[in-house]
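From first to last, the protein sequence lines are chains G and E.
The first sequence finishes on residue 842 if you use full-length UniProt numbering, and the numbering steps up by one all the way, no holes.
The second sequence finishes on residue 387 if you use full-length UniProt numbering, and the numbering steps up by one all the way, no holes.
By construction, the Cβ of each residue, glycine as well, lies at the ideal position given by its N, Cα and C atoms.
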Amino acid sequence: MKYYSLVIPRESAWVVMNELARLDQLHFVDYDPQLPMINRPFANYVKRCDDSLFKLSCLELLLKEFKKNLNYCENVDSLLDYYQQVQQDRMKPGHTYFDELEQEIEQKKIQIQEQSANLQNLLDRVNIITEQQLVLENAKEILGQSMFQQQVPHNPNDYQQLKFGQLIGVIDKEEEVRFKRIIFRVTKGNAWVQIKDLNNEQIDNSMRKSFHLNQNNTSQPRCLFVIVFPGAEESSSLKIKLLKVCDSFNKQRIEYPNSMDQVQRKMMELAQQLQESKSLIEMTKQQLEQSLNKLVLQKQGCNCSYFEYMRLYILKEKYLYVNLNYLTMRGSIFTGYFWLPEGMEIMVEEKLRNAMINNRDHYPTGQIQQIKPQPYTPPTYFNLNEVTLPFQEIVNTYGIPRYQEVNPGLFTIITFPFLFGVMFADIAHGFMLFLCGIYLIFWKNYLLKQTDSMFNLMIPFRYLIILMGFFAFYNGFIYNDYLSISLNLFGSCYSPEKDEWKRESKDCVYPFGVDPVWQASGSSLNFMNSYKMKLSVILGVIHMLFGILMKGVNTLYFKNYLDFFCEFIPQLLFMICTFGWMDFIIIVKWLNTYENNTDPSIIETMINQVLKPFDKPVNPVFPNQAEFQLRITQILTLIAVICIPWMLLPKPLILGSKNDKHKVSMSDSQYQPLVSDKQVSEQDEDSNQEFDNDLQNVANLKSFSEQTQEEHDSGEIWVHQMIETIEFVLGGISNTASYLRLWALSLAHGQLAEVFYDMCLAGKLDIGGILGGLLGGYFYIVFALLTFGVLMTMDVMECFLHALRLHWVEFQNKFYKADGYLFNGYSYKKILNDNLKQSNSK
Amino acid sequence: MDLCVFGVDDGYAEAIIRGLRASFLTEAQYQQMKNCASIPELKSFLEETDYQNCLQADNPQIPTSILRQRLKKKLADEFEYIEAQSTGTLTKYLFHLRCRFMIDNVVNMIEGLKNKIDIEILLSNIDPLGWFPEIKNIKVLEGDDYSSLYRDVLIDTPIGVYFMKFLEESIENLHENRTLNDIQNLFREMKPEYIRTSLKKMWLEDFYVFCEQELMPTSQEVLLELLKFEADFKTIQVIYNSIGNRDLNTAAKIITTRKQLCPTIGNLYPDCEKMYLQAMTLDTLREAVKGCDNYRDLLKDAPDPLKREEFNVQTKTLDDIMYDDECRRYALAFDGQGSYGVFYSYLKLKEQEIRNIIWLAEMISRKLAKNHPGWKKIIIPFSHLGK
């Protein structure tokens, strides 16, 4: 990783950035993370992009409403190539294409929204007309003929001489009660109010359905009201007041004609209007469809709908401007800094040349210059592929590796599935997992299309799964465990003879894994437990020793010899002399035969080594060599004890004395780098580079001040070292014990499998007959379900988690600092891919 | 004790409020707003804040009235959400809070109708917090006939009670042998502002009683303190504004009006009532309130109401001083846990924030110079915390 500065003239900023984004390999550094985005030179462009995206999302809603299916882009690379093609054909400066698209989007949005608003208006109008028709029909029913006949004079003294006025209209259903009340209060009860529900819902729906519209704005249920009140004159105060009340309800009121003929005529008129509106709607709808279809259409050579094409382009543009904002602007020059993986300079320079060629006006494009020393810690860059990705993910979840420290992700590729396999050891279960991995690998493309498949989520982890399955399968052979039954593949060395097992010959050994005869013996569990326990401790110690070695590699790489001699070596010795020795005697014990009950207990030996350092072991591990064993144990114990102060004391002492020296020479050294850099800058005539060097000086000073800050006072160093030492020594014991989970989980797995087998299958097969067949079938199903549910899902998860823990805690705490930060390449591909997923999942 | 059970019913609602507390604009953000050169710039700034969603669909050159409406709508939406999440006493309590806005809306409608403003405009300007379905029916109002307005429309509404009390009181105050004409005259001369003040006074008293009777002690402790202060604030305002008011020409009339408008709760009532009712100058008013709290200090800087004509933008009016003090007190309510005070404070402070934004928007749209004293006339909620 190298740190570069990039200088681009303003005119070609867009072209350069556009080219560099295709490279995917630049990590731009924000020159001032404190500065809010809104105060940066291109904030306005970012804002415009956001606006355009917002408009597009409005359009998308409409598209959805009209059930237009967009073609989503599937291959980002070809789309990007297409963009480039379009740019070249335009023969205009590249950044102006955004302006064009922006305008086009604006126009489209206005046009389409206008059309849809028109359509909406027309639909509303149709609604109103149909509503009027309904109101008239209903009112005719309610009022009847007699309303028109009241002109006929009756007896002058009769109260019926009183003329009645009527008001007819529509209100919202929910306001019905309030309406009635107000009318009652206003007229003091002297009016007759009739309210009837209109089932305009129906009309509404049928109308909309015929136009394939979504039902997003169903109108509220309404009802018709008819008020009849005394006094027909136009000017009567009651009528004015009632009119006011009715109008204040904000819904339409309908003048009821005076005679039956007029009612008929009005109905006719309405029917005609309805017809007109309907044809208008048809037209508007066609226009709208046309403009929407334009958005759906694929342009020639482009692999997605025009709408998607625009959306992704704007996203890309926004990304460019956001990154351009990381550059400082000085006059007409942009200066920025970026990290570049080693060996990529040529590609960047080629891109810059490309930019020059592609640039129509052939403005000078930028130049890059490496900056040394690097002012900040570089980001950590991984060159991953589909196999290594999940393993690196496992490590990254714990923490990103510090720049250039040993990446545990590499070892995790094998150790993780292996430790998983030790816990999940079963030939059959392992093989099923293996098959699952194979399925994922070979049917990947088919599965990718199935968006709702559970396997879809597992695709990124397919290589992890197949390895996990393989190692579980392998370890199953070692433990000779097939769904809790041992397989007699190579012929056991023992054969039953009367009540005893007879070994065929003294040298006969079961060639691979555990002899199946153990299962037949009564002490199978005891034997397997002791075996698995020892095996897991051996694996654990090897794993941890490996971790400590990695620490050594780290210290050597960073030339941190203090840590190498004062931490790595004592730690390694401590581990070897205690648990390494324990592993050794475990293996020695396996290799030897002990007679007459003199087989040594490992635990006792280990404890006595510390508690009775001067007594000869009663049952020596090395037969007949008690004296020799005592010498060795004494030496080893002594080394281990010496290692503890070795870890604790020298490092802080040396650091402390260095600090004192440093403080004395501080006043001189602080200004030295400045002077030397000044000399460099004098050599350079170019004013630009001078400016760069200034910046570099600032950066130097910054890093220098950081260094001084890092010098803790000695008290802090002591505390830190004490904690580290205690953690290592105690951790050595507890971590070794922690690896016993390899045994415990494998035991749990084996026991569960055995229980399922015993409960469901064993014995059921012997029943025979039809009943036996049925029962066997039934119990087989139970067995299969339990095996799948408990062992193949829950136990896989459990073993996975424990393997994870063994890596994160027991392995990685030996060497892994994990305080780096991830390389974040400036790449169109990435941003577009991220957004593709979104649109697909919608 | 009530702290143990507060969370059972009201914990969620309070938690929402605590979360919304983070949405208040900070002093630095106000500073940035002041630096905006135009309304579109202000709008794009606001889109970076919590107000993003309510403004996005608008045209950049947004008029301040629409801006206010949008901001208020957002507040109303939040409030409605909290209301929907509340149960029991809290629901009642929140509804009481709404009544204040309903009163404002009703009086605004009446005022608008009197001035013959189109009903559509009036309806578009109502505060969404105080919306209720009957509001559009106020159109029925004929002339100044408030009693029929009450009878026809307002009787069903939550604020009908206050309106009825108001009508009763104003009619009672007339001399013994009143005629229908007298009543009509009374209504004709009545200023909407007067209606507003009296309705609010009644609401405040009612709310006070509600808090005293129904709420738990912790809430009471916070709320009664706030309400008392608000009542005192109202009292001082009424007295202050009536000093040298030309409409009130006789001393007796001043005192009866004051008596009608001053709330009968608060720290000033009843101890100082006699004194402040009699106060005819700013000095006597200061003297009257000196016994309570820091009111004297507050009034110390207030300009003399007798020189009302000389006021200009630069004058820090009594209202400004009071709002300033109010904001501090409301912000303090956020310090306590498990009380209903935060809901009240949240509304008040958000209102203040909206007032600030609108004020700045006005300043910006008028393109006033940056050294204009008006730029300083905003009160930033929670700004005292930084000090």
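*Who are the near neighbours of Gly750 (chain G) in its chain, counting only those whose CB is closer than 7 Å to its CB and skipping five residues on each side?*
Excluding sequence positions up to five before and after Gly750 (chain G), its CB lies within less than 7 Å of the CB of Asp481 and Ser484, all in the same chain and listed in chain order.
*Who are the Cβ neighbours of Glu685 (chain G) in its own chain at under 7 Å, not counting the five residues just before and after it?*
With a pLDDT of only 44 at Glu685 (chain G), under 50, the local geometry of the prediction cannot be trusted, and the value read off the model is given with reservation. Within the same chain, and ignoring the five residues on either side of Glu685 (chain G) in sequence, no residue has its Cβ closer than 7 Å to its Cβ.
*Phe173 (chain G) lies in the beta strand (DSSP E); which residues open and close that run?*
This sequence places Lys at residue 173 (chain G); Phe is not what is there. Note, Lys173 (chain G): premise wrong, no beta strand (DSSP E); not H, not E.
*What three-state label does DSSP hand Glu141 (chain G) in the structure shown?*
helix
*Please classify Asp51 (chain G): does DSSP put it in a helix, a strand, or coil?*
helix
*asked:* Measuring straight from C-alpha to C-alpha, what distance separates Arg258 (chain E) and Ser242 (chain E)?
replied: 8 Å
_Judging by CA-CA distance, which residue of E:Leu25, E:Ile66, E:Pro128 and E:Ala369 is the nearest neighbour of Asp50 (chain E)?_
When each option's Cα is compared against that of Asp50 (chain E), the closest is E:Leu25.
*So which residues on chain G does Lys139 (chain E) lean against when the C-beta distance must stay under 9 Å?*
Lys244, Val245, Asp247 and Ser248
*What number of angstroms, rounded off, separates the C-alpha of Glu798 (chain G) from the C-alpha of Leu539 (chain G)?*
Approximately 19 Å, taken between the alpha carbons.
*Taking only beta carbons into account, state which residues of the region 37 to 53 of chain E come closer than 9 Å to chain G, listed in chain order.*
Ser44, Phe45, Glu47 and Glu48
*Scan the region 15 to 94 of chain G and note each continuous alpha helix (DSSP H) run of 4 residues or more that stays entirely inside, going in chain order.*
43 to 65 and 76 to 90
*Sequence-distant residues of its chain with Cβ nearer than 6 Å to Lys377 (chain E) (five each side left out)*: Cβ within range, chain order: n/a, list empty.
*Does any C-beta atom of chain E lie closer than 8 Å to the C-beta of Glu175 (chain G)?*
yes
*Is the Cβ of Ala253 (chain G) closer than 8 Å to any Cβ of chain E?*
In the sequence under discussion, the amino acid at residue 253 (chain G) is Arg, which differs from the Ala named in the question. Taking a beta-carbon distance threshold of 8 Å, Arg253 (chain G) does not count as an interface residue toward chain E.
*Where do the N-terminal and C-terminal ends of the beta strand (DSSP E) with Leu25 (chain E) fall, by residue?*
Careful: Leu25 (chain E) lies outside any beta strand (DSSP E) and carries neither H nor E.
*Measure the CB-CB distance between Val537 (chain G) and Asp583 (chain G) and report whether it falls below 8 Å.*
yes
*Closest by CA to Phe490 (chain G), which one among G:Cys508, G:Gln84, G:Phe461 and G:Glu497?*
G:Cys508
*Any idea if Leu448 (chain G) is buried or exposed, counting beta-carbon neighbours within 10 angstroms, 16 or more meaning buried?*
exposed
*Neighbour-count burial assignment, His372 (chain E), 16 or more Cβ in a 10 Å radius*: exposed
*Quick one: residues in its chain with C-beta nearer than 6 Å to the C-beta of Trp581 (chain G), no 5 flanking neighbours on either side, listed in chain order?*
Scanning its chain for C-beta atoms nearer than 6 Å, with the 5 sequence neighbours on each side dropped, one finds around Trp581 (chain G) the residues Leu636, in chain order.
*asked:* Per DSSP, what are the beta-bridge partners of Ile254 (chain G) in this structure?
replied: DSSP, once it has assigned bridges, lists G:Ile168 as partnering Ile254 (chain G).
*Using a beta-carbon distance cut-off of less than 7 Å, what residues from the region 30 to 42 of chain G approach chain E?*
Ile38
*Minimum Cβ-Cβ distance from Val186 (chain G) to chain E less than 8 Å*: The beta-carbon of Val186 (chain G) is placed less than 8 Å from the nearest beta-carbon of chain E.
*DSSP bridge partner residues for Thr380 (chain G) (one or two, in chain order)*: Per DSSP, G:Leu822.
*The alpha helix (DSSP H) enclosing Arg355 (chain E), as first and last residue numbers*: Gly341 to Ser365
*asked:* Counting only C-beta atoms, is Ile182 (chain G) closer than 8 Å to chain E at any point?
replied: yes
*Please work out which residues of its chain come closer than 6 Å, Cβ to Cβ, to Leu154 (chain E), disregarding the five sequence neighbours upstream and downstream, and give them in chain order.*
Gly160 and Phe163
*Check the Cβ of Glu316 (chain E) against every Cβ in chain G and list those closer than 9 Å, keeping chain order.*
For clarity, residue 316 (chain E) is Lys in the given sequence; the question names Glu instead. Residues of chain G passing the Cβ test: none, with the nearest at roughly 32 Å.
*Return the Cβ separation of Ala13 (chain E) and Ile82 (chain E) in integer angstroms, given the expectation that the two are a contact with Cβ distance under 8 Å.*
Cβ atoms of Ala13 (chain E) and Ile82 (chain E) come within 8 Å of each other, at about 5 Å.
*Identify every residue that forms a DSSP beta bridge with Pro9 (chain G).*
G:Ile333
*CB contact check: Lys55 (chain G) to chain E, cutoff 8 Å*: Look at Lys55 (chain G): its C-beta is not under 8 Å from any C-beta on chain E.
*asked:* If I measure Cβ to Cβ from Phe579 (chain G) and keep anything under 6 Å in the same chain, skipping five residues before and after, which residues do I get?
replied: Val541 and Thr736
*Quick one: is Asn217 (chain G) near chain E, going by C-beta distance under 8 Å?*
In this prediction, Asn217 (chain G) has a pLDDT of 49, which is less than 50 and means its spatial position is unreliable; what the coordinates show is noted afterwards. No, because no Cβ of chain E sits closer than 8 Å to the Cβ of Asn217 (chain G).
*Straight-line CA distance for Gln392 (chain G) to Asn121 (chain G)?*
Pairing Gln392 (chain G) with Asn121 (chain G), the inter-Cα distance amounts to about 58 Å.
_8 Å CB neighbourhood of Trp718 (chain G) in its chain, flanking five on each side removed_ = Pro652
*Alpha carbon to alpha carbon, how far is Val621 (chain G) from Tyr439 (chain G)? Give it in angstroms, no decimals.*
50 Å
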